[in-house]
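Below: the structure, in structure tokens.
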Amino acid sequence: MQDYLIQISFAPEAVATLVANPQNREEVARSLIEKVGGKLKGYWFALGDYDVVEIATLPDDESAVALSMAVSAGGAVKMFKTTPLLSVNEGIEAMKRASKLGYKPPAKS
Numbered sequence: 003m004q005d006y007l008i009q010i011s012f013a014p015e016a017v018a019t020l021v022a023n024p025q026n027r028e029e030v031a032r033s034l035i036e037k038v039g040g041k042l043k044g045y046w047f048a049l050g051d052y053d054v055v056e057i058a059t060l061p062d063d064e065s066a067v068a069l070s071m072a073v074s075a076g077g078a079v080k081m082f083k084t085t086p087l088l089s090v091n092e093g094i095e096a097m098k099r100a101s102k103l104g105y106k107p108p109a110k111s
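Each step along the sequence shown adds one to the number in this note's numbering, with nothing skipped, and position 7 is 9.
Written as structure tokens, this is what we have:
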């Protein structure tokens, strides 16, 4: 199971609907995530480019794509961004692997 950062921007029509009829969308998010075999770890409203930020544990990338496609197809979001997250230990392991690759940047003439 992998953790994912999910960032959502609502379409203007969806914002208007939520202002006119305030509702808790966290349970909707939880239900969808559980339907793909995952777990919602957190759900927050946010300021800035995204209206909602979620952290979810999902079984695989295909589940993440299915979730994104299902929500995007509904037309209420203008942007749905999914970012796989690594634990600190996974990041350190990636650093160790990177150190063994022998990459050399372009040389200056």
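All residues carry an ideal CB built from backbone N, CA and C; glycine is no exception.
query: Every unbroken beta strand (DSSP E) within the stretch 20 to 73, with a cutoff of 3 residues, ordered by chain; result: 41 to 47, 54 to 60
query: Cβ shell of R32 (< 7 angstroms), same chain only, five flanking positions each side left out; result: L42
query: Per DSSP, cross-strand counterpart(s) of M81; result: S11
query: For G39 and P61, believed in contact at Cβ under 8 angstroms, the rounded distance; result: 4 angstroms
query: For K83 and A13, believed in contact at Cβ under 8 angstroms, the rounded distance; result: A13 to K83, Cβ: 15 angstroms. No contact.
query: Opening and closing residue of the alpha helix (DSSP H) in which K110 lies; result: No alpha helix (DSSP H) contains K110, which DSSP labels as neither H nor E.
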